[in-house]
Amino acid sequence: MVTPEPVCEDVKDKIIDCYNLSHPDEIIKCWDTIGEFSQCVQDAGTKRLHARNERDARETARRSRYVARAREHALKELSSDDEQKRKL
């Protein structure tokens, strides 16, 4: 299983800094940074999903080509076997 790389490290650091520098009654000031982090995580997830879908599509196309070639070769072998049986 592949371990995903951390995402949005810079924004995560901004959130931590905001919480560390703010007084408890000023935490509301961090909401914009939290929203930025949430959007960043969502965008990263969308990019990963898109990349995975593209990778899956390429793999499916590769398998389809392989099956088509295998089918073609199998049909050629069957037709050549039929011709040999007719000659006998």
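Using my numbering, the first residue of the sequence shown is number 1200, and each one after it goes up by one. Beta carbons are placed, not taken as given, at the ideal position from N, Cα and C, and that holds for glycine.
Cβ neighbours of residue i in the same chain (closer than 8 Å, five flanking residues each side left out)
{"i": "residue 1218", "result": "1226 and 1229"}
{"i": "residue 1233", "result": "1214"}
Limits of the unbroken alpha helix (DSSP H) element including residue i
{"i": "residue 1228", "result": "It is not in any alpha helix (DSSP H) - residue 1228 carries neither H nor E in the DSSP assignment."}
{"i": "residue 1206", "result": "Residue 1206 -> no alpha helix (DSSP H), and no H or E assigned at all."}
6 Å Cβ shell around residue i - same chain, five flanking residues per side excluded
{"i": "residue 1210", "result": "1235, 1236 and 1239"}
{"i": "residue 1273", "result": "none"}
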